[in-house]
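In our numbering, the protein residues as written are 1059 to 1143.
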């Protein structure tokens, strides 16, 4: 996905393959990279700059992304899942 940000929260689940996701607090800020494999998920505030890419040149990756319509819903979910970023 292109490097960008927007309002709200996101939840991304890796249904197949492996992906890299990167996050930063500013467009040109230091990026933190995470590797996610099939069955893993990540939740984050989408005001962070973020991007996802396939970690493999040979295997396809499939992501399921959800953006709650209400930020309160995401905030409550994040409180009950303290490991989420």
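Don't be surprised by glycine CBs; every beta carbon is placed ideally from N, CA and C. Note that the coordinates shown come from a computational prediction; the quantities given were computed from them, not determined experimentally.
Contact between residue 1108 and residue 1079 is confirmed by a C-beta separation of about 7 Å, below the 8 Å threshold. Contact check for residue 1119 and residue 1091: beta-carbon distance about 15 Å, past the 8 Å limit, so the pair fails to qualify. Rounded to whole angstroms, residue 1116 and residue 1076 show a C-alpha spacing of 11 Å. When the Cα atoms are used, residue 1106 and residue 1125 turn out to be separated by approximately 14 Å.
When secondary structure is reduced to three states using DSSP, residue 1114 falls in the coil class, being assigned neither helix nor strand. With a contact defined as Cβ atoms closer than 8 Å, residue 1096 and residue 1122 miss out at about 11 Å.
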